[in-house]
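Number of protein chains: 2
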Amino acid sequence: MTEEIEPLLAQPLQIAPSWNAYQAACPTRLMLNRIADKWTVLVLGLLESETKRFSTLQREIGGISQKMLTQTLRGLERDGLIARMVYPEVPPRVEYTITPLGQTLAGLLGALRGWSEAHMDEVLQAQSAYDKAEQGALKPEAANGVRRVRF
Amino acid sequence: MTEEIEPLLAQPLQIAPSWNAYQAACPTRLMLNRIADKWTVLVLGLLESETKRFSTLQREIGGISQKMLTQTLRGLERDGLIARMVYPEVPPRVEYTITPLGQTLAGLLGALRGWSEAHMDEVLQAQSAYDKAEQGALKPEAANGVRRVRF
DNA sequence: CCGTATCCAATGGGATACTG
DNA sequence: CAGTATCCCATTGGATACGG
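Taken in sequence, the protein lines are chains A and B.
Take the position in the first sequence, starting the count at 1, then add 5; the result is the number in this note's numbering.
Take the position in the second sequence, starting the count at 1, then add 5; the result is the number in this note's numbering.
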């Protein structure tokens, strides 16, 4: 748990080594680091419409392990984006609900989903074009001037 | 010399095994997996306002390695979100520009930045509240009820 | 049913050295 | 200046087994 951080105490308030203040203080970076894992956005999206229990989430997502679902839910709960309710029954029942704060974020992520669906074909097309150009680059023919300028 | 081929960016959207069709076909998942790394969003944000060259980006970001900046720029270029221009000068000059497609995405990410800045304090507050409750759970004092039952 | 604990493979990403 | 090529470690996340 408590590692050796003694040597760091001698230093004058450096947040992260070799990082400037801009990044460390940037809330966007912090939030992105929280959202940008494999399952968080998906779970939040599923809870946006209605309250669900653990097993339901696991079934609807499909392919997530118990460990990761628990971990993801804990993270969202810690950030105040969802709420966890335990009903002392037998067998136990646990429900997860999105909070008002979580709703506002889910709305934004919905917009991102809309963008993805609207522009996915363009991205895929750009990818195949890029890969095709890479293939051609292996054959040094007209490698002059400004290469691969594409809009 | 290169024993193992580097399939890094050259792969055409591979689908992970043991995933159901819902996830694999979901464009949002695909885009999130592309955006959700350590530097992509930051780089796109810096290029939103103006064209910049490699060294400028590295300096302004601060803390990113050459390898990761190159990798990030390649990924964005492959997706058609930025364009790369090489000017055959001595010393060589390379500039990166955001594309119209990239602009639309950058706008959304700007909204996400706005959310982060607006709600960061709420999230931090929720976190400390959660952590505080965790501490209390170590001392089992009745605390029975519907909420937060830790074992 | 809802977790927690442990092990382990895959990936991400930094440091460094070298090239055109 | 703008990369490429290696090495290597820290983190992520899946599989499995166990517990309230």
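Even glycine gets a Cβ: it sits at the ideal position worked out from N, Cα and C.
So, residue 165 of chain A versus residue 49 of chain A, is the Cβ gap smaller than 8 Å?
-> The first residue shown for chain A is 6 and the last is 156, placing residue 165 of chain A beyond what the model contains.
To the nearest whole angstrom, what separates the beta carbons of residue 117 of chain A and residue 33 of chain B, a pair I think is in contact under 8 Å?
-> For this step, residue 117 of chain A is matched to residue 112 along the first sequence. For this step, residue 33 of chain B is matched to residue 28 along the second sequence. About 7 Å; that satisfies the 8 Å criterion.
Taking Cβ-Cβ distances shorter than 7 Å, what residues in chain A pair up with residue 128 of chain B?
-> Sequence index remark: in the second sequence, residue 128 of chain B carries index 123 (1-based). Under the 7 Å cutoff, chain A gives 84 and 85.
For residue 100 of chain B, the three-state DSSP class (helix, strand or coil) | Position 95 of the second sequence holds residue 100 of chain B. Taken through DSSP and simplified to helix, strand or coil, residue 100 of chain B comes out as strand.
Identify the residues that DSSP records as bridge partners of residue 57 of chain B: which are they?
-> Looking up residue 57 of chain B in the second sequence gives position 52. Paired residues: B/101.
For residue 45 of chain A and residue 89 of chain A, the rounded distance between their alpha carbons = Counting from 1 along the first sequence, the entry for residue 89 of chain A is found at position 84. Counting from 1 along the first sequence, the entry for residue 45 of chain A is found at position 40. Their Cα atoms are separated by approximately 15 Å.
Would you check if the distance between the CB atom of residue 37 of chain A and the CB atom of residue 51 of chain A is smaller than 8 Å?
-> Translated into the one-based positions of the first sequence, residue 37 of chain A becomes position 32. Translated into the one-based positions of the first sequence, residue 51 of chain A becomes position 46. The criterion of a C-beta distance shorter than 8 Å is not satisfied by residue 37 of chain A and residue 51 of chain A.
Measuring only between beta-carbons, confirm whether residue 157 of chain A sits less than 8 Å from chain B.
-> Examination of residue 157 of chain A is not possible in this model, given that chain A is present from 6 through 156 alone.
Can you find a CB in chain A that lies within less than 8 Å of the CB of residue 110 of chain B?
-> Here residue 110 of chain B corresponds to residue number 105 of the second sequence, with the count starting at 1. Chain A contact via Cβ: present.
Beta carbon of residue 64 of chain A nearer than 8 Å to that of residue 100 of chain A | Within the first sequence, the letter at position 59 stands for residue 64 of chain A. Within the first sequence, the letter at position 95 stands for residue 100 of chain A. The answer is no: Cβ separation not under 8 Å.
Can you give me the start and stop residues for the alpha helix (DSSP H) that residue 69 of chain A sits inside?
-> Counting from 1 along the first sequence, the entry for residue 69 of chain A is found at position 64. No alpha helix (DSSP H) contains residue 69 of chain A, which DSSP labels as neither H nor E.
Helix, strand or coil at residue 41 of chain B according to DSSP, with G and I counted as helix | Counted from its first residue, the second sequence places residue 41 of chain B at position 36. Residue 41 of chain B: coil per DSSP, three-state reduction.
Residue range of the beta strand (DSSP E) that residue 91 of chain B falls in?
-> If you number the second sequence from 1, residue 91 of chain B lands on position 86. Looking at the DSSP string, the run of the beta strand (DSSP E) that includes residue 91 of chain B is 87–92.
DSSP three-state assignment for residue 84 of chain A, whether helix, strand or coil | If you number the first sequence from 1, residue 84 of chain A lands on position 79. Residue 84 of chain A: coil per DSSP, three-state reduction.
Pairwise C-alpha distance: residue 125 of chain A and residue 112 of chain A | To locate residue 112 of chain A, count along the first sequence from 1; it is residue 107. To locate residue 125 of chain A, count along the first sequence from 1; it is residue 120. Taking the straight line from one Cα to the other gives about 20 Å.
Straight-line gap, residue 94 of chain B to residue 134 of chain A (C-alpha atoms, nearest Å) | By 1-based counting over the second sequence, the position of residue 94 of chain B is 89. By 1-based counting over the first sequence, the position of residue 134 of chain A is 129. Between the alpha carbons of residue 94 of chain B and residue 134 of chain A lies a gap of roughly 26 Å.
Cβ distance (whole Å) where residue 123 of chain A is taken to contact residue 83 of chain B below 8 Å = Stepping through the first sequence from its first residue, residue 123 of chain A is reached at position 118. Stepping through the second sequence from its first residue, residue 83 of chain B is reached at position 78. With 8 Å as the limit, residue 123 of chain A and residue 83 of chain B do not qualify as a contact, their Cβ atoms being about 19 Å apart.
8 Å Cβ cutoff, residue 137 of chain B in contact with chain A = Position 132 of the second sequence, counting from 1, holds the residue named residue 137 of chain B. Residue 137 of chain B does not count as touching chain A.
Consider the Cβ of residue 60 of chain A: report whether some Cβ of chain B lies at a distance smaller than 8 Å.
-> Taking the first sequence and counting its residues from 1, one reaches residue 60 of chain A at position 55. At a cut-off of 8 Å between C-beta atoms, residue 60 of chain A does not count as an interface residue with respect to chain B.
Looking only at its own chain, which residues have a Cβ that is under 8 Å from the Cβ of residue 71 of chain A, when we skip the five neighbours before and after it?
-> Residue numbering aside, residue 71 of chain A sits at position 66 when the first sequence is read from its first letter. Cβ neighbours of residue 71 of chain A beyond the five flanking positions: 63.
Which residues in chain B sit within 8 Å of residue 73 of chain A, going by Cβ to Cβ distance?
-> Taking the first residue of the first sequence as 1, we reach residue 73 of chain A at position 68. Residues of chain B passing the Cβ test: none, with the nearest at roughly 13 Å.
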